[in-house]
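See below for the structure under consideration.
Residue numbers (our numbering): 10 to 114.
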């Protein structure tokens with residue numbers, strides 16, 4: 010009964026909780042500069058929600074923290090493409106700002 014209304018509702022609530030906890034764990038790792046571990050969590054988050062801008066922004070910051078600006082900008086391009094193709098939207102101003110800062114480095 011995976012398509013039953015109660016199952017869909019429960020699945021979405023659980024997915025939402027998972028995404029929230031992944032974002033929190035990744036941000037905590039990022040705050041103590043454990044870049045590789047934070048990247049792994051952010052990628053795990055994208056597996057669950059490929060349109061969550063916070064995960065892309067976290068990846069951009071982590072790759073920048075590792076000194077890999079090219080990879081950070083690649084993540085921004087991936088975000089821009091995902092949002093455009095799936096939702097017909099542009100990245101948020103905060104994502105644009107972060108990408109601009111990376112380009113200036």
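Idealized CB from N, CA, C, for every residue including glycine.
Look at the alpha carbon of residue 72 and the alpha carbon of residue 30, and state the distance between them as a whole number of angstroms.
When rounded, the distance between both Cα atoms is 21 Å.
Rounded straight-line distance, which links the Cα of residue 43 to that of residue 103
Straight through space, the alpha carbons of residue 43 and residue 103 are spaced by roughly 23 Å.
How close, in whole Å, do the beta carbons of residue 35 and residue 47 come, if the pair is a contact with beta carbons under 8 Å?
For a cut-off of 8 Å, the C-beta gap from residue 35 to residue 47 is around 5 Å, short enough to register as a contact.
Could you spell out the range, first to last residue, of the alpha helix (DSSP H) harbouring residue 82?
First-last of the alpha helix (DSSP H) with residue 82: 78-91.
State yes or no: is the C-beta of residue 76 within less than 8 Å of the C-beta of residue 39?
Contact flag unset, no.
Give the straight-line distance between the Cα atoms of residue 57 and residue 32, rounded to the nearest whole angstrom.
Taking the straight line from one Cα to the other gives about 11 Å.
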